[in-house]
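Working notes for the structure below.
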Amino acid sequence: METETNPIHLNADQKEVALRKIRELQQHVGTLSSVLNSPHFDESGLNSQLATNVLKVSEYSLADLCKLLGIVTDTTAEREQRNADLRKANMRIRELETQLGNTQGPDVTQSCIKVMYDQLNSWWDLEGFGHISSISFQRYCCVVDFSCMLTGDFRIIDSDTPVSDKERKAQWLKSLGERGFVLVEEDRDWEILDCDASRKTLIDLITTRIPSAKITKIENFSRHNAEGFTLRGIQVYIHDIADITRLPQKPKKPSSR
């Protein structure tokens, strides 16, 4: 049996719908990821009904995606039955999420928020941008103000390895340029020039790592001794906080004894 190798072509509308279905799949599975990454998972475990219904909804979105791409995975009758079950699954998910919210105490909620706060900071440190100005968890999203100041992890002045750190910093700055950021020297420090290339690279970095992110504001500084501006910060609305749990993390330094 020969394997089909014909490419699948989509028009603009079909491509947009396909991307929406993929985002739905990520969001559904992200619900399970949030529970599994909870600091109290080992104690409370995973609610079997929540897992079942989340996977049912995910299967429905996957079926829609397969239909759009012309990939047959099951019979029409099974799809119709899945459609009939979808409303029940969605209703049950909402009921179970409400129950979970009511049974978890404030200390558990606070602990989860702290974990996600630390994960955001660790990822932004890993990217070399230093600090996060503010993080606000709201009803339907998380609002984050990321600083665009270049810091990196280079303590050259009081470091035990100043030469190595200086070399690593030079390589890191070079890598930023290779990624698309335009760097300028400002008062003996390197900063990101506010230009189309830098903005595109910054936005791509955010939206690639955080698929549900929406950029709402970009701030800049006027340069001191030259024309133009440098990037100061970017405000992001994260609509699926499960994206936070999937961010790469900065390696933890071994504890000294």
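Numbering (our numbering), first residue to last: 1404 to 1660.
Just so it is clear, CB atoms sit at the ideal spot from N, CA and C, and this is done for glycine as well.
Reference residue i; option with closest CA among the options
i, options, result
"I1644", "H1412, H1627, M1519", "M1519"
"A1616", "D1488, H1642, R1426", "H1642"
"V1460", "R1490, N1440, L1472, L1605", "R1490"
"L1523", "T1512, R1582, S1550", "S1550"
"C1469", "I1538, F1540, A1421", "A1421"
"R1542", "L1435, S1436, Y1640, Q1652", "Y1640"
"S1396", "W1527, N1440, D1646", "Examination of residue 1396 is not possible in this model, given that the chain is present from 1404 through 1660 alone."
"W1575", "E1530, D1548, Q1652, D1445", "E1530"
"G1631", "F1540, T1619, G1580, L1596", "L1596"
"P1651", "D1607, W1593, D1528, I1606", "D1528"
Length of the line joining the Cα atoms of residue i and residue j
i, j, result
"H1534", "V1585", "20 Å"
"Q1417", "E1589", "46 Å"
"N1456", "R1649", "22 Å"
"A1600", "A1629", "19 Å"
"V1432", "S1567", "42 Å"
"D1510", "P1654", "27 Å"
"H1443", "K1517", "13 Å"
"S1464", "Q1430", "11 Å"
"T1610", "W1526", "14 Å"
"I1538", "Q1452", "32 Å"
"S1447", "V1438", "10 Å"
"A1466", "E1419", "16 Å"
"T1408", "R1571", "45 Å"
"L1435", "A1454", "7 Å"
"S1536", "R1602", "19 Å"
"V1587", "A1487", "58 Å"
"F1540", "L1449", "24 Å"
"T1619", "D1548", "10 Å"
"H1627", "L1553", "17 Å"
"Q1484", "E1594", "57 Å"
"V1475", "D1445", "39 Å"
"Q1638", "T1512", "24 Å"
Own chain, CB closer than 7 Å to residue i, minus 5 neighbours either side, in chain order
i, result
"E1622", "R1635, G1636"
"R1582", "T1604"
"C1598", "V1585"
"F1624", "F1632, T1633, R1635"
"I1606", "I1618"
"L1413", "A1421"
"A1573", "none"
Sequence-distant residues of its chain with Cβ nearer than 6 Å to residue i (five each side left out)
i, result
"L1472", "I1411"
"R1495", "N1456"
"L1608", "none"
"A1492", "N1456, K1459, V1460"
Proximal residues to residue i (C-beta, below 8 Å), its chain only, five neighbours per side dropped
i, result
"I1647", "M1519, Q1522, L1523, C1545, I1613, I1641"
"A1415", "none"
"G1580", "L1586"
"D1592", "L1553"
"F1532", "F1549, S1550, C1551, M1552, L1553, T1554"
"S1578", "none"
Inset, instruction - Note down, one range per segment and in chain order, each beta strand (DSSP E) of at least 3 residues found wholly within the stretch 1563 to 1632. - result: Qualifying beta strand (DSSP E) stretches, in chain order: 1586 to 1589, 1592 to 1595, 1616 to 1625.
Legend entry - Segment contact, 8 Å Cβ cut-off, at least three pairs: the stretch 1607 to 1615 with the stretch 1420 to 1438: The answer is yes - the stretch 1420 to 1438 touches the stretch 1607 to 1615, with three or more Cβ pairs under 8 Å.
Inset, instruction - Could I get the ranges of all uninterrupted alpha helix (DSSP H) runs contained in the stretch 1421 to 1488, with 4 residues as the minimum, in chain order? - result: The stretch 1421 to 1488 contains these whole alpha helix (DSSP H) runs: 1444 to 1447, 1451 to 1472.
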